Each structure stands twice: as structure tokens, then as C-alpha cells.
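Notes follow the structure.
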Amino acid sequence: MLTGWPGLIIAVFFEVAATTALRLANGIDKPLWLVMACIGYFICFTIISFVFKTLPMGIVYAVWAGGGLAIMTIISQWVFKETLDIRQIACILLILVGVIGLNLLSPA
1 MLTGWPGLII AVFFEVAATT ALRLANGIDK PLWLVMACIG YFICFTIISF VFKTLPMGIV
61 YAVWAGGGLA IMTIISQWVF KETLDIRQIA CILLILVGVI GLNLLSPA
């Protein structure tokens, strides 16, 4: 099964894909995208449940959420043409610094 860091990276990929599909679903106007989002989240959470067997929950969740946040921010700007002001970018960077700090300071 997918455990450890490789599993976590794949789970982040599926979370990002599912969130993007959810945005493309436009509520329930495009049901195929909604179904794709549900499938993506199911795969993501299944993989995360196995990752929890080998990595600490706090680290897993921080990397999963922070990684998803960073990638979704880029996708939202490039694909959906959404904008962020400097304060929003600074806050996102603080979250990412926290995720990196957790990983550097955690034992094992």
C-alpha cells in the first residue's frame, strides 16, 4: 500500500485534482466534474488513512493541507484567473513556512 512520503505526495495530488474538479463542477451544473471530485477525494482519503500508519498525524495533515494550499493557489491564478493581493500571499507563505518548520523540527 501507499505509505510514508510517497503516499502523502500522491494523496496531495488527488486532493488537488478533486478540488479542481469541484471548482469546475460549478455547484452541480456539471455533474461529471462533481463525480470526479468525489472519486478524487475518496482516493485521497483512502491513501491518507494508510499514510497515518507510518507518519505522525500532525505532520501528515500539515503537509497535506499546506501542499494542497500552495498548489491550489497556483492553479487558481493560472487556470481560473483569480487574483491575490500581497497580504493574502504573505499569509499563505506563513502557512508554508510553518509546514516546512514542522517537518524540519519533527523527530524521525
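Residue numbering for the sequence shown is 1 to 108, as defined by full-length UniProt numbering. Just so you know, even glycine gets a beta-carbon here, dropped at the ideal spot from N, CA and C. None of these values were measured; they are calculated from a predicted model.
Please confirm whether any heavy atom of the ligand SAM lies closer than 7 Å to the CB of Phe-14. Questions concerning the ligand SAM fall outside what the structure shown contains, since it holds no ligand whatsoever.
So, using beta-carbon positions, are Leu-84 and Gly-4 closer together than 8 Å? no
When you compare only the Cα positions, how much space is there between Phe-13 and Gly-68? 8 Å
Which residue comes first and which comes last in the alpha helix (DSSP H) that contains Phe-14? 4-25
Take Gly-7 as the anchor and find which of Met-36, Ala-21, Val-63 and Ser-76 has the nearest alpha-carbon. Val-63
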